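First up is the structure itself, then whatever we jot down about it.
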Amino acid sequence: MLFSADDMTEKLDLDPQKIGIHRSASLSVAPMMDWTDRHCRYFHRLLSRETLLYTEMVTAPALVRGGALHLLDYDAAEHPVALQLGGSDPVELAEATKLGAAAGYDEINLNVGCPSDRVQSGTFGAILMKQPELVAECVAAMQAVTEVEVTVKCRLGVDDQEPAEILPAFLETVSKTGISRFTLHARKAWLKGLSPKENRDIPPLDYDLVHQMKADFPQLHLSINGGISSLDEALPHLEKGLDGVMIGRAAYHDPAQVLLEADRRVYGTDFQTTADAAVRDMVPYIEAHLTAGGKLNQITRHMLGLFTGRPGARMWRRMLSDGASKPGMGPELVLEALDHVMRSQIDHAAAE
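Quick note on numbering: the sequence shown equals residues 8 to 359 in this note's numbering.
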């Protein structure tokens, strides 16, 4: 077990009620638009009881002006689960925070990292790296209306900013509000000239700067994000002193290799399941979703990568991709695909 509750209390001088969520944040699955919806999060929770899960970014205007409260829906089994908000109006963010807190989220996170044109046009996301005072005003307003912890996810800088200069100033300015947790995506964002997809890969990673920020701000809980694709890559960051690691695309495309061992290797608990058991455990959830009028592929699209790298993975993906959108399909398709996987694994083992 990497961190105990006593270690965290001493290390970060925590309010005791924050210990649980800080411990959970030792490993988290990143908020990802169109991916980490409530069905994805429920599925991931079956693979790990401890890992902190994040919603897709929900904009404050959508909640406050648009009344889109369905965007806050989640299953109680998803805890610990955090709501990520996008916005730049302190009053509106405070109202959205109240809604998120009332819905029961364990954390409210402000997005200061998304580089998309749509987000920039709303003057939030990564462009806010240029306005640390406004970010401080926003998080202060959010903290004023809830006891739920407010956090920030940001980049190292944007465009021609020099991260080694602006990032310490950003952390100092924003943390003066009392906020103590940041997730640092270890890349700059280029707001002009690179697409959101390119911004996930092209700007070089600077893990050393993130570790330097932990040395410079030991009182802060700092998580690292960006380019980390496995527990083997995550654990050294924790061992070197960072408080958390956030994994994005790898946790979505190959969830088994990230999440199945997380509870044991990161949190020191004895919970362990298997990929095939998680599929069977999804059946009641799928049945309830279909009964409520939902579609099978709304869930199964998040399960396609479960058997990545294992015998039967290709057939699993093909059966779910081709069949789940057909009318009348239900959990029997998922169980049939699972049966193909299990038989493939038996055949593979016999051939070795």
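No residue lacks a Cβ here, since even glycine has one placed at the ideal position from N, Cα and C.
Values in this document were obtained by computation on a predicted structure and should not be read as measured data.
Nearest residue (CA-CA) to residue i, options the options
i: G185; options: A196, L198, V155; result: V155
i: L76; options: D277, A147, A67; result: A67
i: P97; options: L54, M149, E169; result: M149
i: R30; options: L59, A241, N118, P291; result: L59
i: A344; options: F314, D354, Y292, H355; result: F314
i: A176; options: W197, F224, H192; result: F224
i: E144; options: E99, D270, M326, T62; result: E99
i: H260; options: T43, G27, I28; result: T43
i: F50; options: P262, R321, K333, R272; result: P262
i: L238; options: Y214, D270, H228; result: D270
i: V252; options: S202, T276, A193, R48; result: A193
i: R207; options: D215, L216, I235; result: I235
i: V157; options: V71, H228, M40; result: H228
Between the CA atoms of residue j and residue i - distance to the nearest angstrom
i: E140; j: A133; result: 14 Å
i: M8; j: S33; result: Note that M8 has pLDDT 45, beneath the 50 cutoff, so the model's placement of it is unreliable and no number is given.
i: G233; j: T298; result: 38 Å
i: L163; j: V286; result: 38 Å
i: F10; j: T281; result: Reliability fails at F10, whose pLDDT of 46 lies under 50, so the model's placement of it is uncertain and no value is given.
i: G335; j: H46; result: 19 Å
i: L19; j: E169; result: Confidence is the limiting factor: at L19 the pLDDT is only 45, short of 50, which leaves the residue's position unreliable, though a coordinate-based value still follows. L19 and E169: Cα-Cα distance of roughly 28 Å.
i: L212; j: D346; result: 41 Å
i: M289; j: K25; result: 31 Å
i: T153; j: W323; result: 44 Å
i: V159; j: A257; result: 22 Å
i: H218; j: L245; result: 10 Å
i: A101; j: G319; result: 48 Å
i: D250; j: M220; result: 12 Å
i: P243; j: E268; result: 15 Å
i: G107; j: E359; result: 52 Å
i: E17; j: Q226; result: With a pLDDT of 46 at E17, under the threshold of 50, the predicted position of this residue should be treated as unreliable, and no value is reported.
i: I173; j: G27; result: 31 Å
i: T104; j: A151; result: 10 Å
i: L311; j: K183; result: 43 Å
i: M15; j: Q138; result: In this prediction, M15 has a pLDDT of 44, which is less than 50 and means its spatial position is unreliable; nothing more can be read from the coordinates.
i: D113; j: F131; result: 23 Å
i: R188; j: A84; result: 24 Å
i: V142; j: L53; result: 35 Å
i: A357; j: R321; result: 19 Å
i: G73; j: R272; result: 42 Å
Buried or exposed by the 16-neighbour rule on C-beta atoms within 10 Å, applied to residue i
i: S55; result: buried
i: K247; result: exposed
i: S35; result: buried
i: H355; result: exposed
i: P338; result: buried
i: F278; result: exposed
i: T62; result: buried
i: A12; result: Bear in mind that a pLDDT of 40 at A12, under 50, signals an unreliable position, so the number given afterwards is only what the model happens to contain. Answer is exposed; the Cβ neighbour count stays below 16.
i: K195; result: buried
i: A241; result: buried
i: V348; result: buried
i: R350; result: exposed
Presumed contact (8 Å Cβ cut-off) between residue i and residue j, rounded CB distance
i: T180; j: S230; result: Not quite, the Cβ-Cβ distance comes to about 19 Å (not below 8 Å), so this is no contact.
i: Y274; j: E57; result: 4 Å
i: A284; j: T307; result: Actually they do not touch by this definition, with Cβ atoms about 17 Å apart.
i: I254; j: A37; result: 7 Å
i: S123; j: P203; result: 5 Å
i: D166; j: L201; result: Going by Cβ atoms, the distance from D166 to L201 rounds to 10 Å, so no, they are not a contact pair.
i: L340; j: L303; result: 7 Å
i: Q352; j: R317; result: 7 Å
i: Y81; j: V71; result: 19 Å between Cβ atoms; not a contact.
i: A171; j: L216; result: 6 Å
Beta carbon proximity, residue i to chain C, threshold 8 Å
i: F278; result: Considering every chain present, this structure includes no chain C. It has just one protein chain.
Checklist line | the stretch 80 to 92 / the stretch 107 to 126 touching (three or more Cβ pairs under 8 Å) | finding: yes
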